[in-house]
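Residue numbers 1 to 119, in UniProt numbering, belong to the letters of the sequence shown in order.
A quick write-up on the structure given underneath.
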Amino acid sequence: MDTVFIEDLRIDAVIGIYDWERRVRQTLSFDIEMAFDNTVPAAVDDIEKTLNYKDVSKRLIGYVGESSFGLVETLAERCAAIIREEFGVSWVRVKLSKPGAVRGAKAVGVRIERGTRPD
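Pasting the structure below:
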């Protein structure tokens with residue numbers, strides 16, 4: 001199985017459990033990998049047959065930008081569900097990072113995998 005990926009998609013959102021976090025927008029970084037068979041679109045050279053990473057990115061930018069979750073875990077789950085349900089992806093890996101959230105660390109966050117990765 002092939003992988004379509006989106007790397008370092010940066011989206012501003014309200015995220016966090018502390019009062020100050022609820023009053024500001026923080027930049028989140030998403031790395032997304034999605035299982036997809038690219039042989040069909042490659043054979044016909046047709047974007048309509050692809051898993052269009054621009055469409056996935058735009059959907060997540062809209063969703064995350066309007067969201068207001070306390071936990072990155074919750075947001076990662078919701079994003080994985082959107083990708084699987086709306087784009088017909090059987091397996092997805094989402095890495096959601098909060099850059100600069102912890103002093104001394106470049107970023108913190110979660111990495112989840114949902115679905116079954118085809119062989």
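Positions of the beta carbon are idealized from the N, C-alpha and C atoms, including for glycine.
Fair warning: this is a prediction, and the values are worked out from it, not measured in the lab.
(message) For a test of the three-state rule: what should DSSP assign to S68, helix, strand or coil?
(response) Residue mapping note: residue 68 aligns to position 68 of the sequence shown, counting from 1. The answer is strand: DSSP assigns S68 an E or B state.
(request) Count the other C-beta atoms from every protein chain shown that fall within 10 angstroms of the C-beta of A42, then say buried if there are 16 or more, exposed otherwise. (result) Here residue 42 is taken as the residue at index 42 of the sequence shown, counted from 1. Counting Cβ neighbours within 10 Å, A42 comes out exposed, since fewer than 16 surround it.
(message) Would the stretch 70-79 count as touching the stretch 34-54 if we require 3 or more Cβ pairs under 8 Å?
(response) Output reads no: the stretch 34-54 does not touch the stretch 70-79.
(request) With DSSP as the reference, label V44 as helix, strand or coil. (result) Sequence index remark: in the sequence shown, residue 44 carries index 44 (1-based). In the structure shown, the three-state DSSP call for V44 is helix.
(message) Our contact map puts D12 next to R25 with C-beta atoms below 8 Å; I'd like the distance itself, whole angstroms only.
(response) Residue mapping note: residue 12 aligns to position 12 of the sequence shown, counting from 1. Residue mapping note: residue 25 aligns to position 25 of the sequence shown, counting from 1. At roughly 4 Å, the Cβ-Cβ gap stays under 8 Å, so D12 and R25 are in contact.
(message) Can you look up A80 in the DSSP assignment and give me helix, strand or coil?
(response) Numbered from 1 along the sequence shown, position 80 holds the residue referred to as residue 80. A80: helix per DSSP, three-state reduction.
(message) By the DSSP assignment, the alpha helix (DSSP H) with R22 in it spans what residues?
(response) Against the sequence shown, residue 22 aligns to sequence position 22. DSSP places R22 in the uninterrupted alpha helix (DSSP H) bounded by 19-22.
(request) Determine the contact status of M34 and V92, defining contact as a CB-CB distance below 7 Å. (result) Here residue 34 is taken as the residue at index 34 of the sequence shown, counted from 1. Here residue 92 is taken as the residue at index 92 of the sequence shown, counted from 1. Yes.
(request) Grab me the residues of R59's own chain with a C-beta within less than 7 Å of its C-beta, minus the 5 sequence neighbours each way, in chain order. (result) Here residue 59 refers to the residue found at position 59 when the sequence shown is read from its first residue. Only residues of its own chain outside the window of five on either side were considered, and among them I82, E86 have a CB closer than 7 Å to the CB of R59, listed in chain order.
(message) Using C-beta distances below 6 Å, list every residue in its chain close to E113, excluding the 5 sequence neighbours before and after it, in chain order.
(response) In the sequence shown, residue 113 corresponds to position 113, counting from 1. Excluding residues within five positions, the ones whose Cβ falls inside 6 Å are R93.
(message) According to DSSP, I61 sits in a beta bridge with which residue or residues?
(response) Taking the first residue of the sequence shown as position 1, residue 61 is located at position 61. When beta bridges are read from the DSSP output, I61 appears opposite no residue.
(request) Check L92 in the structure and name its three-state DSSP category. (result) Within the sequence shown, residue 92 is the residue found at index 92, counting from 1. First, the amino acid is wrong: residue 92 is Val here, not Leu. The three-state secondary structure of V92, taken from DSSP, is strand.
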